[in-house]
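Each protein sequence line maps, in turn, to chains P and V.
If you use our numbering, the first sequence corresponds to residues 1 to 116, in order.
If you use our numbering, the second sequence corresponds to residues 1 to 115, in order.
Presented below is the structure to which this report refers.
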Amino acid sequence: GAVVSQHPSRVICKSGTSVKIECRSLDFQATTMFWYRQFPKQSLMLMATSNEGSKATYEQGVEKDKFLINHASLTLSTLTVTSAHPEDSSFYICSARSEQASNEQFFGPGTRLTVL
Amino acid sequence: AQKITQTQPGMFVQEKEAVTLDCTYDTSDQSYGLFWYKQPSSGEMIFLIYQGSYDEQNATEGRYSLNFQKARKSANLVISASQLGDSAMYFCAMRVGTGGFKTIFGAGTRLFVKA
Chain P
1 GAVVSQHPSR VICKSGTSVK IECRSLDFQA TTMFWYRQFP KQSLMLMATS
51 NEGSKATYEQ GVEKDKFLIN HASLTLSTLT VTSAHPEDSS FYICSARSEQ
101 ASNEQFFGPG TRLTVL
Chain V
1 AQKITQTQPG MFVQEKEAVT LDCTYDTSDQ SYGLFWYKQP SSGEMIFLIY
51 QGSYDEQNAT EGRYSLNFQK ARKSANLVIS ASQLGDSAMY FCAMRVGTGG
101 FKTIFGAGTR LFVKA
């Protein structure tokens, strides 16, 4: 199956700093990628849909100025958490849609962000 | 409104027995897809099974089968011959929208397989 990677897998940062998380589709092109957030023992909440070459579409309640998404190429989307606060600590998971595989969605391994 | 509901926060099953994880959904879309994912403690999302809204037969993938009842808007996952490695969180998900679709998830069910 198609592979999606995320980097870093874990990151710890100080409050007020910005953190960038990368999501890559390794063996397929993805015009659309999705960013999810998962709090401990909770479900995945869709944050935004990232479209290559255009602005991301954010879900209601998600601050677009805080969670910057850039989908600069067909294999890379980045999520930048700006001015991070402890409440931003969470598990962030990306997924990529493969048009070659009947639009199936493949998930990355996730990034655990801890803001001190 | 589009919604996925999983009413079982936790389930126990004896090894080698079958277990059913419940999932109901709500959407006004005629075309949609239903998924089940497994999330072990490592956090990765593992795709298990898919059912399209127009598929007449229930999907099966090895020990996993999806009991799709369209009129009831339910898509229960049946795991046969449970194994200790099946202990994990299980999420039911629905893909909605054409073209620019998105996938939404239920709250999840934690399955514990007992030896």
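Don't be surprised by glycine CBs; every beta carbon is placed ideally from N, CA and C.
- Secondary structure of L84 of chain V (DSSP, three-state): helix.
- In the DSSP assignment, C23 of chain V falls outside any beta strand (DSSP E) and carries neither an H nor an E.
- For K38 of chain V, the uninterrupted beta strand (DSSP E) segment begins and ends at Y32 to Q39.
- Remark: C-beta atoms of T78 of chain P and Y92 of chain P do not approach each other more closely than 8 angstroms.
- Counting only unbroken stretches of 3 or more residues, the beta strand (DSSP E) elements lying wholly within the stretch 42–87 of chain P are 44–51, 67–73 and 76–81, in sequence order.
- With a cutoff of 8 angstroms on beta-carbon distance, V4 of chain P and G108 of chain P are scored as near each other.
- Ranking V:Q57, V:F101 and V:M11 by CA distance to the CA of A75 of chain V puts V:Q57 first.
- Taking C-beta atoms under 8 angstroms as the contact rule, M94 of chain V and Q2 of chain V qualify, at a distance of about 7 angstroms.
- Taking a cut-off of 8 angstroms for Cβ pairs, the stretch 5–13 of chain V and the stretch 64–72 of chain P do not touch, as fewer than three such pairs fall below it.
- Considering only V:G97, V:R63, V:T60 and V:K102, the residue with the shortest C-alpha distance to D29 of chain V is V:G97.
- Within chain V, the C-beta atoms nearer than 9 angstroms to that of L46 of chain P come from K102, T103, I104 and F105, in chain order.
- For P109 of chain P, the chain V residues whose C-beta falls within less than 7 angstroms of its own C-beta are G43 and E44, listed in chain order.
- Look at the beta carbons and you see the stretch 54–63 of chain P not touching the stretch 10–27 of chain P: under three pairs across the two are nearer than 8 angstroms.
- As DSSP reads the structure, N76 of chain V sits in a beta bridge with V:N67.
- When secondary structure is reduced to three states using DSSP, Q51 of chain V falls in the strand class.
- Using a CB distance cut-off of 8 angstroms, I93 of chain P counts as an interface residue toward chain V.
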